[in-house]
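In my numbering, the protein residues as written are 38 to 896. For each residue, glycine too, the CB sits at the ideal point set by N, CA and C. Working notes, beginning with the structure itself.
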Amino acid sequence: MRHLIAVRRILPVAATLLLTTVFSSAQFVGNNPEAVEKRVDELVSKMTLDEKIELIGGDTPFRTHPITRLNIPYFQMADGPVGAHIPAPTIAYAAGIGLAASWDRALALRIGQQLGRDSPSRGAAFILGPGVNIYRAPMNGRNFEYFGEDPFLASAIAVGYIRGVQQEGVSATVKHYLGNNSEYLRHDSDSIIDERALREIYMPVFEAAVKTAKVGAIMDSYNITNGEHMTRNKPLNVTVAKEQWHFPGVIMSDWVSTYDTAGTANGGLDLEMPFAVYYAPEKMLPLIKDGTISQATLDDKVRRILRVAADFGWLDRPQLDIDIPRYNLEGRAASLQAAEEGAVLLKNENGALPLDKKAIKTIAVIGPTATQTVTTGGGSGEVVSFANTNLLVGISNYLGEQTKVLYARGLYSINQMARLTHFTTDADGKTPGVTHTIFAKANLEGDVTGTVVETTLSTAASTRREPEEQELNALTAHKTASPYVRATNSSKWVGYYTPAEAGKYSIFIQTDGKYRLLVDDAVVFDSSVVPKYILNQATIELTKTPHKVVLEQLSQQIGSVSGMRVGIAPLSTIVEKDALAMAAKADVVVLAVGFNAASESEGGDRSFELPVGQEQLIDQIAALGKKTVVMITSGGSVDLSNWKDKVQGIFETWYSGEEGGTSAARLLFGEENPSGHLPISWEKKITDNPSYNNYYPDPGTNKIVYREGIFVGYRGYEHNHVEPLYPFGYGLSYTTFSFSKLKSSPEGDGHFTVTFDVTNTGKRAGATVAQLYVGQGSPVVERPAKELKGFERVMLQPGETKHVTLSLDPRSFSYFDVNSSSWQATAGSYDLFLGDSSQNIQQKTTVQLTKALTTSISQ
Ligand code: BGC
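Put into structure tokens, the structure is as follows:
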């Protein structure tokens, strides 16, 4: 049990806890730290015990309590991470994973600045972003918010984002600390991560946020890590973040992620959000009085909140700036840049792309994500914008009146398919309806509290209200929902389905609770222990006779999917005939597939396969023999194995923000040259993913044991000798590039300057990403074959060459040594690999470390 050793090693340091650490250097935005500390001291000395307690618990909606007597205002928060929302609408930028795919530090800074400008337009002092949890596997429902699988790339993007936000006088909130790499059962799962993997893979982005970007706030995640809920995880909050990294800011809880008072207060949580449950005066006071929570501990929390406020200037100016236009073209331009730079061209068979505007008379834009708002995935990160350009609109606007743009959705929506599924209550297939029995307790236990016949096997989605109203309702609802309690009742649904024809059918369920779904008494989906995907699907063979369908809804939904629905759709007719007819008339088909806010979302995970019917849609359209280009909307890789070879072009556009359609049109027609590179490895099949065997909790436990250790993403593929479909760092362009003249020169003490040339060898202007990896031939401990330690996005005109300089430092060569609790780079030779992906290495050289180097964890 490596993780236990890890926790023990961290713990002794915790015993020497210093709660009132003195922070000597400039803290967040560089104000005079002595003056800030003095001001904080003065305020703290004037506060009563009640006022102190009041300050460390939030107030609905999304703010801290004001202490009016001392002129301390409330500090408002805006949700993030890619739109300063609450309330919406606001400018929606491309999702985090797309920003990472740009590999553009300057763009990350620009997006941060926009968010830092949008936040005060809503009165917000904190923005709840960036989200920086490492991508382990495509199933994580929140991957779209995060920056991919590599800590070096993710750190660079996070640092740009945070600096940009904080330059505008707004505090970023780096989240979700720590081990929150999946969404199902997020309050209960225990991420068991050994210390080396924590230090080398999961912590560096948070560490860079604290040490390099001077982030003002950290948000603790819902989950348990190494045996302790994060909001009460003293080794990680206090020892690591506050002591080893000298974090001087606020650690706040995720929304309703606290589970007790004493453990949380002593475990390093400064601010309970969205409002005080366990930090409520009646719970805090007795524990302060009896010494369980010391006065110094309370004061430290108060000081941290006031330190951030004083340093960012929130005590001296109103946080709402009504002079800032909430809708603005500068934001839209930044959003467009992020969408364009983030899109990754995965396949371009025989130069099928870019499309030639003049040669196309008719284009068909088909698919479920062509007109839907796919600015972001779902949950708190979902951003509602003022104006959206979807794919159809983007292509139509771009082509103008000379070209005919035909559109069909191609498939019914999940909701429609469920509503069109005709169930009967009787096995004879005569009486329409489904029998719904409600039990007082979970797991179909307790008294039956009601039996009703419903027309469909679904519960209604709440109707979509105005964005402002919708969000504010969600916020105030927290008041009644908190503290975190599991809903107690359960339901059983029984209906009969009689197919029109014998054949293959897709059966699906969209929900995020625990359940089992049976057809003719055989289990089709078992999510009774771990509710795996929020949209689950399977193909079944049905005869033309009534089939009994039973849904056991064992516990209520956790909240990310609106409503619940079950449907059955015949695969032979699942694709709309009109869509096929339109495609047959077109010169080119652009197919829009992927996920949306209801199938990929916070609070649940998603499947690797595309949602119901989409593979059939691609298959049947591709079979028409037209040039077919697929645009994927998703937060990570999807299963391409059944259709990749049947289409000519594939773009991964992620969730591309409000300018996604304009961006897609410009990329498809070559106005813009694709330059995004994957921030993840894309697997051929899901079982190839290095974390596949440990992504879910070990059977019968809540423990997700990260057995792949440091071998996450490309580190794992190389270690396991498994070829990904598309490697980390991969991305095509409409031009070609070459790398040459790789050289390194030692600068002393483990520092090196690395130089090389990048040339655009093709005929179009474009950008590539030069990636520098470091590997150690014969390490003393097991290490990845190579690891990203430098990169540069380089924009070049045709024929142009640019000289690039990167630097390496001792951390570039180091592994984390758990015995000495420090970073170690052993003496000897290291290989440097230069290429445009982790696999396409074009230049190699070696450097020598003449002596071993140690870097401390605090450095
Ligand atoms: C999410 C956070 C978010 C918060 C406020 C939580 O459910 O996990 O990322 O910032 O809600 O909306």
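- Those residues whose C-beta sits under 5 angstroms from the nearest heavy atom of the ligand BGC are, from N- to C-terminal order along the chain, 116, 165, 291, 292 and 417.
- Look at residue 801 here: in three-state DSSP terms it is coil, with no helix or strand label.
- Taking one beta carbon from each stretch, the segment 721-731 and the segment 186-200 have fewer than 3 pairs nearer than 8 angstroms; the two do not touch.
- Under the DSSP definition of a beta bridge, residue 468 lacks any partner.
- The Cβ-Cβ distance between residue 115 and residue 146 does not fall below 8 angstroms.
- 8 angstroms or more divides the Cβ of residue 471 from the Cβ of residue 692.
- Contact annotation, residue 622 with residue 399: C-beta distance approximately 6 angstroms; criterion of less than 8 angstroms satisfied.
- Counting only residues of its own chain and dropping the five nearest sequence neighbours on each side, residue 825 has a CB closer than 7 angstroms to the CB of 187, 189, 190, 808 and 810.
- Cβ-Cβ separation between residue 431 and residue 250: approximately 33 angstroms, too far for a contact (criterion under 8 angstroms).
- DSSP places residue 576 in the uninterrupted beta strand (DSSP E) bounded by 572-579.
- For residue 334, no beta strand (DSSP E) run applies; the uninterrupted alpha helix (DSSP H) run containing it begins and ends at 332-349, by DSSP.
- Secondary structure note for residue 435: its alpha helix (DSSP H) is the uninterrupted segment 428-436.
- Measuring C-alpha to C-alpha distances from residue 168 to each of 215, 370, 295 and 735 identifies 215 as the nearest.
- The beta carbon of residue 569 lies closer than 7 angstroms to those of 221 and 642 in the same chain, with the five residues before and after it left out.
- Residue 324 and residue 299 have their C-alpha atoms some 7 angstroms from each other.
- Going by DSSP, residue 114 is part of the beta strand (DSSP E) stretching over 114-116.
- The beta carbon of residue 746 sits closer than 7 angstroms to those of 231, 233 and 234, all from its chain and outside the five residues before and after it, given in chain order.
- For residue 757, there is no enclosing beta strand (DSSP E); the residue is part of the alpha helix (DSSP H) that begins and ends at 751-757.
- Inter-residue distance for residue 563 and residue 212 is about 31 angstroms (C-alpha atoms, whole angstroms).
- When secondary structure is reduced to three states using DSSP, residue 731 falls in the helix class.
- Within the DSSP secondary-structure output, residue 266 pairs in a beta bridge with 261.
- Taking 8 angstroms as the cut-off, the Cβ atoms of residue 182 and residue 379 do not count as close.
- Contact between residue 624 and residue 445 fails: their C-beta atoms lie close to 16 angstroms from each other, not under 8 angstroms.
- Its chain contains 158 as the residues whose beta carbon lies nearer than 8 angstroms to that of residue 362, once the 5 sequence neighbours on both sides are disregarded; these appear in chain order.
- When the alpha-carbon of residue 491 is set against those of 464, 479 and 459, the nearest one is in 459.
- Excluding five sequence positions before and after residue 870, the CB atoms of its chain that fall closer than 6 angstroms to its own CB belong to 810, 823, 878 and 881, given in chain order.
- Exclusion of the five residues before and after residue 673 leaves 134, 172, 175, 180 and 717 as the residues of its chain whose Cβ lies within less than 7 angstroms of its Cβ.
- By the neighbour-count criterion, in which a residue is buried when 16 or more other Cβ atoms sit within 10 angstroms of its Cβ, residue 106 is exposed.
- Remark: C-beta atoms of residue 151 and residue 371 approach each other more closely than 8 angstroms.
- Excluding residues up to 5 positions away in sequence, 383, 384 and 667 lie with their Cβ nearer than 6 angstroms to the Cβ of residue 687 in the same chain.
- For residue 629, the pairing in a beta bridge is given by DSSP as 668.
- When DSSP states are grouped into helix, strand and coil, residue 254 belongs to the strand group.
- Taking every protein chain shown into account, the CB of residue 750 has 16 or more other CB atoms within 10 angstroms, so this residue is buried.
- DSSP, reduced to helix, strand and coil, places residue 242 within a helical segment of the structure shown.
- Relative to the Cα of residue 403, the nearest Cα in the group 685, 626 and 690 belongs to 626.
- Nearest Cα to residue 606 within the set 303, 765, 64 and 540: 540.
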